[in-house]
Every structure is written in C-alpha cells, then in structure tokens.
Amino acid sequence: MSYLRTPEHRALRAALIHLWKPWERSTGPKSKAGKERSAMRGFKGGDRKEMRELARALKSQKGIISCL
Numbered sequence: 441m442s443y444l445r446t447p448e449h450r451a452l453r454a455a456l457i458h459l460w461k462p463w464e465r466s467t468g469p470k471s472k473a474g475k476e477r478s479a480m481r482g483f484k485g486g487d488r489k490e491m492r493e494l495a496r497a498l499k500s501q502k503g504i505i506s507c508l
C-alpha cells in the first residue's frame with residue numbers, strides 16, 4: 441500500500457508547516473569555529489590520490505616479482 445498525497449493533504453501540511461515555522465528553530469553551528477568545523481565534514485584528506493597511486497605501484501611490483 442503506497443502513501444498517496446492528495447492536493448487537500450498537501451495543502452493541509454503546507455498550512456501546518458507555516459504555523460509551526462520550523463525554519464525559525466533550525467539548528468546548526470552559530471560560531472565561526474563551528475561553521476568551519478561543519479564545512480570540513482565531507483573532507484577526506486589531501487593524500488587520497490597519492491595513496492591510490494602508491495597502491496597501483498605496489499600492485500604492479502607484486503606482479504613483476506611473482507613473475508621472477
């Protein structure tokens with residue numbers, strides 16, 4: 441059974457959301473340090489590319505050594 445949103449249901453939800461005004465109570469970093477920390481959450485580090493190249497080089501060396 442799927443959840444069907446009728447136009448009436450959507451209008452009711454929109455009206456309720458406008459009454460609640462959740463955007464006025466939204467959370468998130470307020471200080472400059474908190475915003476900087478939040479901005480770095482997706483950062484994976486700067487040496488991933490070098491580590492991949494190193495792994496490729498080691499894999500190719502392993503193949504060469506096994507042929508000897």
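Residues 441 to 508 in our numbering are what the sequence shown spells out, letter by letter. Glycine residues also receive a C-beta, built at the ideal position from the N, C-alpha and C atoms.
Residue i - DSSP class collapsed to helix/strand/coil
i       : result
Pro-462 : helix
Ala-481 : At residue 481 the sequence reads Arg, which differs from the Ala that was named. It is coil, neither helix nor strand.
Gly-468 : coil
Arg-450 : helix
Leu-444 : coil
8 Å contact criterion, which residue i and residue j should meet: CB distance rounded
i       : j       : result
Pro-469 : Arg-477 : 7 Å
Limits of the alpha helix (DSSP H) - the one that residue i falls within
i       : result
Arg-496 : 488–507
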